Amino acid sequence: MLTRTVTETGLLASLGAWTWPGTAADGRQVAHILLAHRLGRTSHDTPEVIENRMRHLSEVLGGLAQAQDSVPDTQGTLVTVGSRALLKFPGACWGLRLPAHPQWTRLVHDSGRAALIVGLDPLTQSADAVRVDAYLDTALAADRLLFGFARTA
Numbered sequence: 113m114l115t116r117t118v119t120e121t122g123l124l125a126s127l128g129a130w131t132w133p134g135t136a137a138d139g140r141q142v143a144h145i146l147l148a149h150r151l152g153r154t155s156h157d158t159p160e161v162i163e164n165r166m167r168h169l170s171e172v173l174g175g176l177a178q179a180q181d182s183v184p185d186t187q188g189t190l191v192t193v194g195s196r197a198l199l200k201f202p203g204a205c206w207g208l209r210l211p212a213h214p215q216w217t218r219l220v221h222d223s224g225r226a227a228l229i230v231g232l233d234p235l236t237q238s239a240d241a242v243r244v245d246a247y248l249d250t251a252l253a254a255d256r257l258l259f260g261f262a263r264t265a
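So in this note's numbering, the last one in the sequence shown is 265, and the numbering has no gaps at all.
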């Protein structure tokens, strides 16, 4: 039996991405990335299927941690060129283009990393900052987020 070890293009196309600068527990500034599956477009995109896809993505990235665990470095690589940013996944031909504000990009350049958060529940691609904050609060309370650090090449 073969196991999938790479991220499929279809999964990458189903992801929404949000980025923002924030503050870490130690008070330092850190760049954040949230990846969440877009709301199901077909009847096959059940909550269970979406969660399985996001857990698979976590495995491809080398295994992400829950909130109470030590946060690992991922096998995902951040590539920035000017004001553009891309998250590359191991074994995938394509990367995921990230929304990048100059302050966020500067943090990535300065620190060489970004905190990567993977949500196990779907989130609409059009979610604004208020909706993303509510998603993060709800998902964190329900232990539905996985964490890691993506590093620059």
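All C-beta atoms in this analysis are idealised placements derived from N, C-alpha and C, irrespective of residue type, glycine included.
All values reported here derive from a predicted model rather than from experimental measurement.
Assign residue i to one of three DSSP states: helix, strand, or coil.
i, result
"Trp206", "coil"
"Ala239", "coil"
"Asp249", "helix"
"Arg256", "coil"
"Leu219", "helix"
"Val183", "coil"
Between the Cα of residue i and the Cα atoms of the options, which residue gives the shortest distance?
i, options, result
"Lys200", "Leu252, Ala179, Val183, Leu228", "Leu228"
"Ala265", "Asp240, Val172, Thr186", "Thr186"
"Thr131", "Thr236, Leu210, Ala239, Cys205", "Leu210"
"Val220", "Arg243, Leu208, Gly194, Gly207", "Gly194"
"Ser238", "Ala129, Gly122, Leu124", "Ala129"
Looking at residue i: is its Cβ nearer than 9 Å to the Cβ of residue j?
i, j, result
"Leu257", "Gln178", "yes"
"Gly231", "Ala148", "yes"
"Gly224", "Arg263", "yes"
Once you ignore the five residues that flank residue i on each side, which residues in its own chain have a CB closer than 7 Å to its CB?
i, result
"Leu114", "A caution first: Leu114 carries a pLDDT of 34, below 50, which makes its placement in the model too unreliable to give a value."
- Item | Uninterrupted alpha helix (DSSP H) stretches inside the region 119-161 (no shorter than 4 residues) | Qualifying alpha helix (DSSP H) stretches, in chain order: 121-125.
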